[in-house]
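Enquirer:
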Amino acid sequence: MDRSLRRLLRALAALPAAAAAPRLRAQGRTVRLLVGFPPGGGSDAIARVLADKLKDELSASVVVDNRAGAGGQIAAQELKRAVPDGNTLFLSHDHTISILPLVLRNAGFEPARDFVPVAGFATFVNAFAVSGGTAARSFNDYVAWVKAQGGKSAVGIPAPASVPQFLVQVIGATWKLDLAAAPYRGSAPMMGDMIGNQIPAGVGSVPDFIENHKAGRLRVVAVLGGQRQSALPEVPTFSELGLRGFEDVPYYGLFAPAGTPRATVEATAAAVARVIALPDVRERLTAMGLTVQFMSPAQLAQRERAYAGIWAEIIRKSGFQPQ
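Numbering (the numbering used here), first residue to last: 31 to 353.
Right under this line is the structure:
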């Protein structure tokens, strides 16, 4: 039994309410799993892995419902409107839940008021990748290439006013490059342009990039976080390259509408814990660049608040004004 699985089982043992919660049983029941980004991206792929197994744990059809647009804002607003009966869940990473309320004057939702954390299931890191058509084989190669082009270049990001946008700004300032963040409607169209050599580089999550990196269609040349990623052991961290202060890692979690009964939340959290303990699920999620980690509803709420607090300060120092 590997160390991470032992940690997960210990976490489950420490959560008697969730672990002992009854499995949700309702024949003919359908659960919508909202995803705020289009098919083909990392969030969509992750949602489909979980949906395939959750259907057995919840004794229900679990349908992935892509409500793409506005960095997950559309899906979040859909969750806010949903009936709080446990039949609508939102699979989200940090951008929609923690970042959008910091960069928009009116996101149309307030996480603490409108949503209930259900379960966290993984952390991940963001990465810098170059298109397959560039000559760069490393991040330092990319820096040299941009300087040879006059010091200016565009870098794709999966959503405006996102963590990748602020990272582009910091990376440009650190290496004295004039980098312009080019926002897309999700990672899938951004990667399409990178693969087609329409844009030379992009910042996104490792789960977004990893399959195309392995296929050689683009190259991940640096990752954030405090250590190299097991799925990309050859890729250095930005800390190694000289950019420090971005070691805190984002998260993935499931959220339900406010007012969802506590027993339903606990039963769903227990179902998620059982699913991510399955060896094949852990293997698939790990291969996507995730670090599988169960978080109870309370732990996910704490993780979200801490992450939002860190980025609130970074965004404030950047001079960005909410739009």
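All residues carry an ideal CB built from backbone N, CA and C; glycine is no exception. All of these numbers come straight from a predicted model, not from anything done at the bench.
Which runs of the alpha helix (DSSP H) fall wholly inside the stretch 276 to 317 and span at least 4 residues, in chain order?
Expert: 292 to 306 and 309 to 317
Enquirer: If you follow the alpha helix (DSSP H) that R249 is part of, which residue opens it and which one closes it?
Expert: That residue, R249, is in no alpha helix (DSSP H); its beta strand (DSSP E) goes L248 to V253.
Enquirer: Could you name the residues of the same chain whose beta carbon sits closer than 8 Å to that of I229, not counting the 5 residues immediately before and after it, in chain order?
Expert: S161, A184, V185, G186, A212, M220 and D223
Enquirer: Quick check: H243 and A165, are their CB atoms within less than 9 Å of each other?
Expert: no
Enquirer: Which one of A203, G283, V279 and I240 has the shortest CA to CA distance from E264?
Expert: I240
Enquirer: Out of curiosity, what's the CA-to-CA distance linking G70 and A218?
Expert: Take the alpha-carbon of G70 and the one of A218: they are about 6 Å apart.
Enquirer: Run the CB neighbour count on S348, radius 10 Å, all protein chains shown included, and call it buried at 16 or more, exposed below.
Expert: exposed
Enquirer: Assign A166 to one of three DSSP states: helix, strand, or coil.
Expert: coil
Enquirer: Who does L63 pair with in a DSSP beta bridge?
Expert: V94 and L119
Enquirer: Just mark E296 as buried or exposed, buried being the case when its beta carbon has 16 or more other beta carbons within 10 Å.
Expert: buried
Enquirer: Assuming P327 contacts K110 under a Cβ cut-off of 8 Å, what Cβ separation, rounded to an integer in Å, is found between them?
Expert: P327 to K110, Cβ: 18 Å. No contact.
Enquirer: Does DSSP put Q323 in a helix, in a strand, or in coil?
Expert: strand
Enquirer: Are there 16 or more other CB atoms within 10 angstroms of the CB of P141, so buried, or fewer, so exposed?
Expert: buried
Enquirer: Does the stretch 133 to 152 come into contact with the stretch 268 to 286, if we say contact requires no fewer than three beta-carbon pairs (one atom in each stretch) closer than 8 Å?
Expert: yes
Enquirer: Smallest Cα separation from L84: which of L130, A301, V322 and A331?
Expert: A301
Enquirer: Within this structure, are the beta carbons of P237 and M318 separated by less than 9 Å?
Expert: The answer is yes: Cβ separation under 9 Å.
Enquirer: Quick check on I340: buried or exposed, where buried means 16 or more other Cβ atoms within 10 Å of its Cβ?
Expert: exposed
Enquirer: Comparing C-alpha positions only, which one of I306, F350 and A299 sits nearest to L330?
Expert: A299
Enquirer: Buried or exposed: where does L308 fall if 16 or more other Cβ atoms within 10 Å of its Cβ makes it buried?
Expert: exposed
Enquirer: Out of curiosity, what's the CA-to-CA distance linking V93 and R274?
Expert: As the crow flies, the alpha-carbon of V93 is around 40 Å from that of R274.
Enquirer: What's the C-alpha gap between L207 and D74?
Expert: The alpha-carbon atoms of L207 and D74 are separated by roughly 33 Å.
Enquirer: Is D124 buried or exposed, if buried means 16 or more other CB atoms sit within 10 Å of its CB?
Expert: That one is buried.
Enquirer: Per DSSP, what are the beta-bridge partners of Q199 in this structure?
Expert: Partner(s): none; Q199 has no beta bridge.
Enquirer: Just the Cα atoms here: how many angstroms apart are A203 and P190?
Expert: 19 Å
Enquirer: If we count the other Cβ atoms within 10 Å of its Cβ and call it buried at 16 or more, is A336 buried or exposed?
Expert: That one is exposed.
Enquirer: Who does K182 pair with in a DSSP beta bridge?
Expert: D208
Enquirer: Which class does G101 belong to by DSSP, given the choice of helix, strand or coil?
Expert: helix
Enquirer: Output the distance between the C-alpha atoms of P131 and A338, rounded to the nearest integer angstrom.
Expert: 9 Å
Enquirer: How is F350 classed by DSSP in three states: helix, strand or coil?
Expert: coil
Enquirer: Could you tell me how far apart the beta carbons of Q353 and L134 are, in whole angstroms, since I believe they sit closer than 8 Å?
Expert: 6 Å
Enquirer: Exposed or buried, E334, counting other C-beta atoms within 10 Å across all chains shown (16 or more means buried)?
Expert: buried
Enquirer: State the Cα-Cα distance for the pair Y214 and Q195, rounded to the nearest angstrom.
Expert: 11 Å
Enquirer: What did DSSP end up calling I187 once you bin it into helix, strand or coil?
Expert: strand
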